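A short worksheet on the structure shown next.
Protein chains: 4
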Amino acid sequence: MDFRHSDRSLEVQARVRAFLDEHVLPAEGVFEEQAARARAAGTPHRTPPVMAELTAAARGRGLWNLFLPDPVEGGGLSVLDYAPVAELSGRSVAIAPEAMNCAAPDTGNMELLHQFGTDEQKARWLRPLLDGEIKSCFAMTEPAVASSDATNIATTARVSGEQVVLDGLKWWSTGAMRPECRVAIVMAVTDPDGGRHARHSMILVPMDTPGLTVERSTSVFGYDDGPHGGHGVLRFEGVRVPVANLLGARGAGFAMAQARLGPGRIHHCMRSIGMAERALELLCERASSRTAFGMPLARQGVVREWIAESRIRIEQARLLVLKAAWMIDEVGARAARTEIAAIKVVAPAAASWVLDKAIQAHGAAGVSDDVPLAAMWAQLRTLRIADGPDEVHRRSIAREELRRHGAGAG
Amino acid sequence: MDFRHSDRSLEVQARVRAFLDEHVLPAEGVFEEQAARARAAGTPHRTPPVMAELTAAARGRGLWNLFLPDPVEGGGLSVLDYAPVAELSGRSVAIAPEAMNCAAPDTGNMELLHQFGTDEQKARWLRPLLDGEIKSCFAMTEPAVASSDATNIATTARVSGEQVVLDGLKWWSTGAMRPECRVAIVMAVTDPDGGRHARHSMILVPMDTPGLTVERSTSVFGYDDGPHGGHGVLRFEGVRVPVANLLGARGAGFAMAQARLGPGRIHHCMRSIGMAERALELLCERASSRTAFGMPLARQGVVREWIAESRIRIEQARLLVLKAAWMIDEVGARAARTEIAAIKVVAPAAASWVLDKAIQAHGAAGVSDDVPLAAMWAQLRTLRIADGPDEVHRRSIAREELRRHGAGAG
Amino acid sequence: MDFRHSDRSLEVQARVRAFLDEHVLPAEGVFEEQAARARAAGTPHRTPPVMAELTAAARGRGLWNLFLPDPVEGGGLSVLDYAPVAELSGRSVAIAPEAMNCAAPDTGNMELLHQFGTDEQKARWLRPLLDGEIKSCFAMTEPAVASSDATNIATTARVSGEQVVLDGLKWWSTGAMRPECRVAIVMAVTDPDGGRHARHSMILVPMDTPGLTVERSTSVFGYDDGPHGGHGVLRFEGVRVPVANLLGARGAGFAMAQARLGPGRIHHCMRSIGMAERALELLCERASSRTAFGMPLARQGVVREWIAESRIRIEQARLLVLKAAWMIDEVGARAARTEIAAIKVVAPAAASWVLDKAIQAHGAAGVSDDVPLAAMWAQLRTLRIADGPDEVHRRSIAREELRRHGAGAG
Amino acid sequence: MDFRHSDRSLEVQARVRAFLDEHVLPAEGVFEEQAARARAAGTPHRTPPVMAELTAAARGRGLWNLFLPDPVEGGGLSVLDYAPVAELSGRSVAIAPEAMNCAAPDTGNMELLHQFGTDEQKARWLRPLLDGEIKSCFAMTEPAVASSDATNIATTARVSGEQVVLDGLKWWSTGAMRPECRVAIVMAVTDPDGGRHARHSMILVPMDTPGLTVERSTSVFGYDDGPHGGHGVLRFEGVRVPVANLLGARGAGFAMAQARLGPGRIHHCMRSIGMAERALELLCERASSRTAFGMPLARQGVVREWIAESRIRIEQARLLVLKAAWMIDEVGARAARTEIAAIKVVAPAAASWVLDKAIQAHGAAGVSDDVPLAAMWAQLRTLRIADGPDEVHRRSIAREELRRHGAGAG
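Chains as they are written, first to last, in our numbering: chain A, 663 to 1072; chain B, 663 to 1072; chain C, 663 to 1072; chain D, 663 to 1072.
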């Protein structure tokens, strides 16, 4: 195992760090205020204007599309090399990723289009996404079935001549409410009689296609995630798109979804670690500045245990994510599937733990939005469910482990 | 120990249960919709109209002010006898307590007025509170100091002739934003040279007193708690009230705050248990209705462990709260202080655990507001900080335990 | 729920407490020394001579067979009334239960004989057991199958004319190695074609019956449990006893085993709580007498958290055990089965937690046998497996809970 | 970070693996039997004869003293390169380390002698230790003081002319009881007026020096650790050795003890991970071969969670230990002190967790000595205390973290 970062990565990290210090962190308050104003004005999904300044600054500094390994369109960074960039962006997770055009779900969608898109699809959707001119969403999860088992997905996409007709109900399409969102990548059953993992395809559906209704947004622990376009509930009723809108091979949807998740999970996990680092920093600052029962919190044994355990959990989680990233680079996401499953369990859990303690040390301020802890916690809690709940990942890891020991059962 | 409930309590419980089934639970959706509409209209703190119907129904059924032991004005129930009523109200914690005029902070304020108020104070504030005509708030916590150590409180109330002049900044005054809120009970330093626990007094401050500004509301994990009046940030600048507004003896603020907390904690803890019971019910229903990997969740070992552990933790927490309640009745809150500290740690923690598992079993729905789990979780998380963080309560319990074993240190 | 103890129970408790202080605790060192000497002499299973003095003293004080509800032969105490006696005996778990003839497995065996034995069986085995003249063992667990599922039991007891012929291998027959052990109650399949819970019977097998070999003793975390007769591995090869040795009805073995477990679990759990109380006492003493980094441990936050959490867990566990005991008395073991399953999970776990912290606070002494903590911990760890592992009990609790909520699955 | 192992390390690992498979694992039963026989014969501290065969085999294969970085006397391996060798030896922790002359406390003692010994000291003690002809012990911990704070050490070593006179009581001198043990390295106060970290020196004391009595051995959770020489209680009464027996500089004892711990902790932690891997293997095998309630354990959700969590914890712990090892090689033990403290907390805890689950899955067999789990668990539990309890290490980590964030407190 060799987790050293390339000189290119180290140089990019330094510039991202400077961008955060000089632009992003100072903009956090402004962003929140503008979001609150938009909400009060009845337009909660309008992007706060400060974001345009931030994206301009990021682009001007060459900190744009760094997630994409392609050296022309993206950052030319391996997964391992991009990992610390993702971590840094997690320190200001509500702003930094989008400011650098490195925010989910656009990142995963761009990866899919880059890898599987036809020239026409690329011109129409990938180009403007890469340029930050439009946004996109991903429609996979369904309210009626346990999405932890992806073979449950029930939305149909009947191929009929030159047309594909979609019917079904999706939710948790993050970003779908924002005005800039122009296209959804939809996972649907095209081949109901195919094998368990060969029934689904991905279809590009423009948001203004007749029959597609964005009904409402779901909230997350009270947060509407308005400035990021909320989490749309999408109803498809006889939605027709040309077959040319099929993304990748018909029936390959499941495999493509899996491929999409590999680097995506590294991003999620590293951002989680960035959140944890931010929280630990806030915890230490709070502990040093507050006094109770005649002693600063920083000298109280219980708070010290929190700090030490936080450092320990962060270190361990980061190392495991770096290992998974390194494996994706070296042997591919499929061979790294146990490690990828493991980090999906570990990183949000470790970060949640740290956040919880930072919240506790902040007292009542911790659960409020005066500090960014509660919002980050809510996002991390969601990660323990999104892209498969912890339980499903543990199930896969156990199966693999049992197989290694020659155990047939599983 | 004898935890049997009186016949009166059993009879009241049955009626509360019926009221919940017939009125409260069916109104949950309406309440949420009306709150959303109020929010969209820019009046988030307006009480949803359905509440008036519910209070009328509760009052009509004699389910009003049950928290107050006074047999004339209240329910005539001992703390032990009221405990299961509080638990039941926790099943629909956003509505039921207020519908029965048993919601914090009014309950604690009414207790204080009932116990320590002058006839004039009672006529002016207790009467309308008991009648549900006005609401009140409690101003104790301050943003600038660690409120876990109550001796830190810094707001001053200078007694000058016939007037008391208040200066300081308070926050987390729950309910302060609602139009019906007419009075705040404020904890402030009247006697800076008094002993550590004899410096503070409680003062009744009408909300429209000049110099008192409700600056804004803090949120809790993204929830504005709008329909309950939010959590107000109150600035006191040269606020003058007559000395007749002193509640109880001058310098007795600390002792009164402690007294207020005894039964209040039983209420909080029993409501927590009610939330946990509701969550466990939802967890079981979900587990029975969802299938993943070819089996209903209810047959999957991990989910079963959650269910069993939930039942176990709820049972244990409830028994301990009942013991504390019984002790308050038998020997008083002071002698029961270890038990009261213990339940403050135990009940929210047990309930949070159950909520977390119920959320996980619900998948993405769990973190949304389509089910009441996320909102209940946020409230429970807050309880681990409010009225003293867990760490402070554990500190007291340890001190008491060490004393029992003849250990001087502590 | 009414957990008040009868006057008789309170009076017995006081006498047991005095017996512990005056006889048992002072004898702990002597007992250990005598056991060490017996071990060195190659007779590890000889009962240390001090035990005879202790049993004489207990008997003289009327503290004999208190576990048996029968007012003539036993203590005339209900299960709830006996519970605190069991707790007290757990404070010196290696000596006190046996000194009062209240130690497993004899207690369970005496209960079975008292309830189901014929007059002849009673005269031959119950009488001398009640008089402390002989000891007995219970042979249920088998090494070859998962005993967590009792229907797996494979030892056969073929009824052939007037004889029963036993073949099979049992282990964890506690006490089997001691010279005083004269009879084993053996669980075996008499009716292989019966229903799943109607195949087994219990058979009384004198230890000197030809074909029965006590092969060896298993140890528990390095402890041989020598003075209590170890844990025997019993081989049955064509062992013949008369059919008159069937205990209770043929095919009723499973039901009788269940019945035997009810009060037995109360005993185990209360003794666990007694161990936890002893450990917490030692923890507090240690914390007060040791200094590290310039402060007594008792003033260090982490140690205080241990102490507080210990008290909290003990209180909760005890209340749940008392509830289960009260239910057994009121509605019987069958109706209390969820509670009984719950305490089997809770009490050893809570006690183990306390023990672990007490060990940690004692440093290296904690893992040694210079203090009784390590040995108690080992016993508690074993309880999480014996009489069904935690997982099986949680499974039952979940099933019951799901049933309550109308969920068919499970 | 670059955790790749050198070709030399990979080659050595392969040979160690073969040695384990061909010699060590098959000898486990023999070793236990011989130890039991020695115990029965009243000579529990005699090394089982099979060890001589194993050391001969290891030596013949060049698997000898691999822990020592010195390329002539030792393995010529960096700390990172030796780490996986230590892990492999942990798979059979009772035999493998000693078979390769890589067992504590001799390893640490040899390191000290190699680094700080005079030529004469090397000739007299290091040479025969390296050749496996004698054994040694380390005398640091004292029963009367909290050794977690090393400045508490109270044994005195008065330098008087050409002699050093030792007085005091030490315990947990592992190996002191074995006949081959010839020398103790003793930590004692030579300069009571020196600074807090400059008072202690290390002194070489031959075991047959008059005034030195090995009083008895302490046990660990019932284990006497007989074949490894137990854990000696050493009394020093006017013990005189020449000043030439001072090891290293006078007053440098504390610093040397710290230096000794760096690589030593890597060894302990990697062996812990080896134990965890062995336990996980046993857990998987058991889960595949046992059936309860109609399904192999390997298909039951709870057991699968154990397996997955075990894999996750092992992976994370190993990565952190490798990082610490790599840092010791790159920047030295002092600069790696936070990482070294972290692994001391993490590795035994992770391994203990795995062991506990493996024990549970084995049912009653798990707590017995029929499988090696209980003994490994006991050793791991002890590691959470030895060389500083977890709490002390977390304290250091927190202090460092607070310092990083500019917090003076701590």
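The C-beta atom is built at its ideal place from N, Cα and C for all residues, glycine as well.
Keep in mind it's a predicted model, so treat the numbers as computed, not measured.
The beta-carbon of histidine 1067 of chain B is placed less than 8 Å from the nearest beta-carbon of chain C.
When secondary structure is reduced to three states using DSSP, serine 809 of chain A falls in the coil class, being assigned neither helix nor strand. Where proline 904 of chain C is concerned, the enclosing beta strand (DSSP E) starts and stops at 893-904. In the structure shown, threonine 769 of chain B adopts helical secondary structure according to DSSP, grouped into three states. Annotation: valine 821 of chain D is outside any alpha helix (DSSP H); the continuous beta strand (DSSP E) that includes it extends over 818-822. Approximately 6 Å separates the beta-carbon atoms of proline 904 of chain C and glutamine 825 of chain C; this is inside 8 Å, confirming the contact. At a C-beta separation below 8 Å, glutamate 971 of chain A has no neighbours in chain C, since its nearest C-beta there lies roughly 11 Å away. Here alanine 801 of chain A really is in contact with leucine 896 of chain A; their C-beta atoms are around 5 Å apart, less than 8 Å. Separation of valine 993 of chain B and proline 805 of chain C (C-alpha to C-alpha, rounded to the nearest whole angstrom) is 53 Å. Out of D:Leu774, D:Ala700, D:Arg902, the CA that lies nearest to the CA of glycine 823 of chain D is found in D:Arg902.
Across the structure, aspartate 887 of chain C and isoleucine 976 of chain C are spaced so that their CA atoms are roughly 26 Å apart.
For aspartate 1052 of chain A, the secondary structure class from DSSP, reduced to helix, strand or coil, is helix. Taking 8 Å as the CB threshold, phenylalanine 955 of chain C stays off the interface with chain B.
Burial state of leucine 672 of chain A is exposed, judged by a 10 Å Cβ sphere holding fewer than 16 other Cβ atoms. Interface annotation, glutamine 962 of chain D: in contact with chain B, CB-CB separation under 8 Å. Inclusion of valine 747 of chain B and valine 678 of chain B in the CB contact set at 8 Å is warranted, their separation being smaller than that value. Looking only at C:Pro1034, C:Ala960, C:Val848, C:His859, the smallest Cα-Cα distance to isoleucine 757 of chain C is reached by C:Pro1034. Annotation: the segment 846-887 of chain B contains the following complete segments of the beta strand (DSSP E) (minimum length 3 residues), in chain order: 862-868, 874-880. Within the segment 1037-1070 of chain C, no residue has a Cβ lying closer than 7 Å to any Cβ of chain A. Unbroken alpha helix (DSSP H) runs of no fewer than 4 residues, entirely contained in the segment 667-752 of chain D, are found at 669-681, 687-702, 712-722, 741-752, following chain order. Interface with chain C (8 Å Cβ-Cβ cutoff): proline 805 of chain D is included. In the DSSP annotation of this structure, valine 983 of chain D is not part of any beta strand (DSSP E); the continuous alpha helix (DSSP H) holding it starts and ends at 963-993.
Assigned with DSSP and collapsed to three states, glycine 837 of chain D falls in coil, not helix or strand.
Less than 8 Å separates the beta-carbon of glutamate 842 of chain C from that of isoleucine 796 of chain C. Boundaries around phenylalanine 800 of chain C are those of the beta strand (DSSP E), 797-801, since no alpha helix (DSSP H) includes it.
In this structure, isoleucine 969 of chain C places its C-beta atom within 8 Å of the C-beta atom of leucine 945 of chain C. About 11 Å separates the Cβ atoms of proline 706 of chain D and glutamine 696 of chain D, ruling out a contact at the 8 Å cut-off. Annotation for methionine 918 of chain C: Leu774, Phe778, Met864, Gly910 place their beta carbon closer than 7 Å to its own, counting only its chain and skipping 5 residues before and after. Counting C-beta pairs closer than 8 Å gives fewer than three between the segment 1010-1026 of chain B and the segment 998-1014 of chain C, which falls short of the contact rule. In summary, arginine 789 of chain D is exposed, with fewer than 16 beta-carbon neighbours lying within 10 Å of its beta-carbon over all protein chains present. Contact annotation: alanine 850 of chain C and threonine 803 of chain C have beta-carbon atoms that are not nearer than 8 Å. Around the beta carbon of alanine 1060 of chain A, 16 or more other beta carbons sit within 10 angstroms, so the residue counts as buried. Threonine 875 of chain B sits exposed, since fewer than 16 C-beta atoms from the chains shown fall within 10 Å of its C-beta. Residues of chain A whose Cβ lies closer than 9 Å to the Cβ of valine 1007 of chain D are, in chain order, Ala970, Glu971, Ile974. Annotation: proline 889 of chain A to glycine 704 of chain A spans about 12 Å, alpha carbon to alpha carbon. When Cβ-Cβ separations below 8 Å define contact, glutamate 967 of chain A makes contact with chain C.
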